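So the sequence shown is numbered by my numbering: it starts at 118 and just counts up by one. For each residue, glycine too, the CB sits at the ideal point set by N, CA and C. Note that the coordinates shown come from a computational prediction; the quantities given were computed from them, not determined experimentally. Notes for the one structure printed next.
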Amino acid sequence: MNYEDRLYKAAVVGAAGKMGSGILLLTAIEMTDINLKPENRQKAYSIYAIDKSEESLKDLQNYIHVQLTKIAEKRIVKLRETYALKENLIENSQIIDQYVEDVKQTIRYSTKLESAFNCNLVFEAASENIDVKTSILSTIEENSNDTSPFYYTNTSSIPIDFLNKSANLGGRIIGFHFYNPPAIQKLVELITIEDNSHEIKSFAHKLAESLQKVVVPSNDIAGFIGNGHFMRELVYAFNNVDSLFEKMHLHESIYIYDNIIRDYLIRPMGIFQLADYVGLEVVKSILGIMSKFHEGENLKPQLLDKILGMDIKGGQYANGSQKDGFFQYKSGRIVGVLNFKTGGYVPVGDITEKCDTIIGDKPKSILAWKEVIRMKDKAEFLTTYFHDLHRESALGAKLAIEYGKNSLKIGLNLITDNIANNEHDVNTVMLTGFYHAYGPINNYFL
118 MNYEDRLYKA AVVGAAGKMG SGILLLTAIE MTDINLKPEN RQKAYSIYAI DKSEESLKDL
178 QNYIHVQLTK IAEKRIVKLR ETYALKENLI ENSQIIDQYV EDVKQTIRYS TKLESAFNCN
238 LVFEAASENI DVKTSILSTI EENSNDTSPF YYTNTSSIPI DFLNKSANLG GRIIGFHFYN
298 PPAIQKLVEL ITIEDNSHEI KSFAHKLAES LQKVVVPSND IAGFIGNGHF MRELVYAFNN
358 VDSLFEKMHL HESIYIYDNI IRDYLIRPMG IFQLADYVGL EVVKSILGIM SKFHEGENLK
418 PQLLDKILGM DIKGGQYANG SQKDGFFQYK SGRIVGVLNF KTGGYVPVGD ITEKCDTIIG
478 DKPKSILAWK EVIRMKDKAE FLTTYFHDLH RESALGAKLA IEYGKNSLKI GLNLITDNIA
538 NNEHDVNTVM LTGFYHAYGP INNYFL
C-alpha cells in the first residue's frame, strides 16, 4: 500500500485532547492536499476524530475551524493555484472558505472506537496510561476489518515494543511522538522497534517530511530522549528545592530555583513553570511509567505527590489558558507562588525583594531568552556569558552552574544508556522540542 492509499482512511483516538487535536488538524490538511490533486478528486479521503466526550468533540470542531482559517490565510498564494479552475472562486475570502470547508469535509466526529475498525492508519493520542493505550490498541486490532492497519502512538514515555506485545500488534506500531502543540512544534521523536517493517518506517518518514517536521530517532527505552532528559532535570530540581527549603520557606525556594533556571540558564520557562504547563498529573504519570522500566532509579519525588494531594494539577483550560500549579497565573503571567502550608498563593510582589537578595548579583552580560534566541552570533554571546557566570560567587550563579552540570550529565547518560544515538540528537530534541537556546551537551559546564 503506497503513501496516499495508506492515508485514505485514518483515525485519531483521543482527538479532542491538546495533542490529538493538533494531530487531527495536520493529518486532515495532508489528506485534503492529496485529495485536491486532479487525479485524486474522485476519492473520498476521511479521518475519524474519536473521543469519548461529545462536548469535547464540539469544542474540537470550533478549534479546527479557527485553526484552518488561519492556516488558509497564510497559504492563500498556493491555494489560488489549487483552485485556479474554480471560476466561482474569485476573492481570497472565497478561496479560504472553500479550503476550510474541503478540509472539514474529510473529518468524521465520533464517540465510538468502532469508527477506527475500518481504517488503514490509526493515530493513538490517548492519555499517558499503559492500560488505557493497550486497551485501545488491542480492541482496534482484534476488531479491525483491515488486515494490516498501521498504529502511530504519540506516547512520550511507554516503550513501543511493550505496547506492541501487550496489544499483539505484530510489529505494526511505531512511536511517532509529536511535541506540544503539534500544529506548531517542528519536532517529532521517532521510535522504531525490531519488528517494524520497512514499509511502516518509510511511511513515518514520508509523513514527517510532508508535515515539515524535524525527525529525531530515539531508541525504545522508557521516556525516550525528550522526557528522559526533562523528567530527570525535574526530579533534580525537586530534590534541590528540598535542600534550599532548610534555609527558607518552600514557596521562596520554588520561586528562587525557577527564576534561576529561567534567567541564568536562559530558558523560555523555569522548570516548575514548565511542569505546570505540561500538567502535574501528566508529569506523575510519565515518572510512574519511567520508574516501572528504570527500577534502580529514584523517579518518585515526594513534593509532586504533595501538590497533587492538594488537588492542584496545572495544565491548561480548554481555551489554552494556564491553570494554577506551583504558580498562580493571570493572563499567562506568574503572579503568585503556592504556599504548601496554607494551600493559598503568596503574591510574587511580597517575596521578590527578599528572594532577589538571596539570589545575589546577576552576571552583567545576562540577557533574556527572547533576545538570545534571535541572535545571529548566539554561540559567541553564550561563550562570553557563561564565562562571566562561572566568575560569579553569588548563590544564584552557583545553583545555575550546578544545574547546568547536571543537565550535561543527564544528556551524556542518555547516550551511554543507549537511549540517544549521539550528542546531536540529544541537543536537537532540547533545542527544537523545548526551545532551549543551547543544547544540554556543551562546553559551558565542563
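Check for me: the alpha helix (DSSP H) holding residue i runs from which residue to which?
i           : result
residue 215 : 209-223
residue 405 : 397-410
residue 355 : 343-361
residue 184 : 171-191
residue 370 : 367-376
residue 445 : No alpha helix (DSSP H) contains residue 445, which is instead part of the beta strand (DSSP E) from 444-447.
residue 490 : 486-490
Determine the extent of the beta strand (DSSP E) in which residue i is found, giving its start and end residues.
i           : result
residue 200 : It is not in any beta strand (DSSP E) - residue 200 carries neither H nor E in the DSSP assignment.
residue 306 : 304-308
residue 450 : 450-455
residue 463 : 462-464
residue 292 : 290-295
residue 520 : Unbroken run through residue 520 is the alpha helix (DSSP H), 512-533; no beta strand (DSSP E).
residue 166 : 163-167
Which word fits residue i, buried or exposed, when buried means at least 16 other C-beta atoms lie within 10 angstroms of its C-beta?
i           : result
residue 474 : exposed
residue 268 : buried
residue 144 : buried
residue 186 : exposed
residue 207 : exposed
residue 508 : exposed
residue 461 : exposed
residue 319 : exposed
Whose CA, out of the options, lies closest to the CA of residue i?
i           : options               : result
residue 298 : 214, 399 and 135      : 135
residue 551 : 420, 391, 504 and 337 : 391
residue 476 : 461, 499 and 517      : 517
residue 322 : 528, 213 and 293      : 293
residue 132 : 240, 211, 207 and 159 : 240
residue 440 : 173, 398 and 261      : 398
residue 434 : 448, 427 and 560      : 448
residue 330 : 301, 506, 533 and 346 : 301
residue 561 : 535, 498 and 537      : 498
residue 306 : 375, 174 and 337      : 337
Between residue i and chain B, is any beta-carbon pair separated by less than 7 Å?
i           : result
residue 150 : The chain inventory of the structure shown lacks chain B, comprising one protein chain alone.
Where DSSP assigns a beta bridge to residue i, which residues make up the other side?
i           : result
residue 241 : 130 and 270
residue 325 : Residue 325 is not bridged to any residue.
residue 331 : 304
residue 317 : DSSP output for residue 317 lists no bridge partner at all.
residue 226 : 166
residue 439 : 433
Give a single yes or no on whether residue i has its beta carbon closer than 6 Å to a heavy atom of the ligand MG.
i           : result
residue 193 : As presented, the structure is devoid of all ligands, the ligand MG included, so that no description of it is given.
*asked:* With three or more C-beta pairs closer than 8 Å as the rule, is the stretch 531-548 touching the stretch 325-343?
replied: The stretch 325-343 is in contact with the stretch 531-548.
_the stretch 296-315 touching the stretch 263-282, judged by at least three CB pairs closer than 8 Å_ = Contact between the stretch 296-315 and the stretch 263-282 is present: 3 or more CB-CB pairs across the two stretches fall below 8 Å.
*Is the number of C-beta pairs between the stretch 452-462 and the stretch 358-378 that are closer than 8 Å three or more?*
Contact between the stretch 452-462 and the stretch 358-378 is established, with three or more Cβ pairs separated by less than 8 Å.
*Taking contact to mean at least 3 C-beta pairs separated by less than 8 Å, is the stretch 189-200 in contact with the stretch 221-233?*
Between the stretch 189-200 and the stretch 221-233, the count of Cβ pairs shorter than 8 Å is below three; the stretches do not touch.
_I'd like to know if the stretch 163-178 and the stretch 227-234 are in contact, where contact means that at least 3 CB-CB pairs between them fall below 8 Å._
The stretch 163-178 vs the stretch 227-234: in contact.
*How about the stretch 344-356 and the stretch 378-391: do they share at least three Cβ pairs that are nearer than 8 Å?*
Between the stretch 344-356 and the stretch 378-391, the count of Cβ pairs shorter than 8 Å is three or higher; the stretches touch.
_Segment contact flag, the stretch 251-263 with the stretch 280-290, C-beta cutoff 8 Å, min 3 pairs_ = Touching, yes.
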